[in-house]
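With positions in the sequence shown counted from 1, the corresponding number in our numbering is that position plus 394.
This report refers to the structure that appears directly beneath it.
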Amino acid sequence: MTESKALRALREAIVLEHMESQNDHDFNTSLHTFPHPRYEIMASGQVLQGVDEVRAYWQRTRAAFPDQRNKVIEVHHADDAVIVEFELQGTHLGSLTGEEVTGRSFKVRMVGFFLFDKDVLVCERVYGDSATVMNQLGMLNLPGAF
């Protein structure tokens with residue numbers, strides 16, 4: 395296996411471990427996939443830095459959506475990133491920002507850019523459609539939306 399193929403395989407393994415451990419709520423494993431966790435949530439503009447902020451974010455989102463899961467659809471590789479299209483789903487069983495709980499579920503396609511410095515994961519940048527999520531949860535009424 396060439397060095398570039400080996401690096402590509404290693405990066406993909408890190409990303410898949412990161413994503414699967416989140417499905418299992420094994421946040422210690424997720425956090426250990428990068429030395430200084432950094433999350434950028436593009437839909438909200440949030441930038442979460444370090445173990446405490448990222449862990450707190452995961453705990454808040456899982457309190458609101460305890461069955462939240464991601465399902466990998468496609469994995470792509472770039473020079474300094476692994477790009478994953480995934481389906482995120484969950485059921486709104488707790489309040490995330492003080493909103494009334496709906497008990498409804500959402501399912502939305504998203505894209506995560508897992509940025510690397512050589513073989514070290516340095517950032518996860520997530521692009522998602524919060525309007526679709528809010529519509530599916532009954533918090534927004536978009537005519538003709540799926």
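Beta carbons are placed, not taken as given, at the ideal position from N, Cα and C, and that holds for glycine.
query: Bounding residues of the alpha helix (DSSP H) (the contiguous stretch that carries SER543); result: The chain is shown only over 395 to 540; residue 543 falls outside these bounds and no answer can be derived.
query: For TYR433 and LEU442, believed in contact at Cβ under 8 Å, the rounded distance; result: 4 Å
query: Proximity to ALA450 [Cα-Cα], best of ASN422, VAL469, HIS486; result: ASN422
query: HIS419, buried or exposed, once every other Cβ within 10 Å from all chains shown has been counted against 16; result: exposed
query: Distance, VAL502 Cα to PRO431 Cα; result: 24 Å
query: Cβ pair count under 8 Å reaching 3, the stretch 489-505 against the stretch 402-414; result: no
query: At least three beta-carbon pairs within less than 8 Å, the stretch 445-460 to the stretch 522-530; result: no
query: Buried versus exposed, by CB contacts within 10 Å (16 or more), GLY488; result: exposed
query: Pair within 8 Å by beta-carbon distance, ILE525 and LEU490; result: Correcting the residue identity first, residue 525 is Ala in this sequence and not Ile. For ALA525 and LEU490, no; Cβs fall outside 8 Å.
query: According to DSSP, residues forming a beta bridge with ILE477; result: HIS470, PHE507
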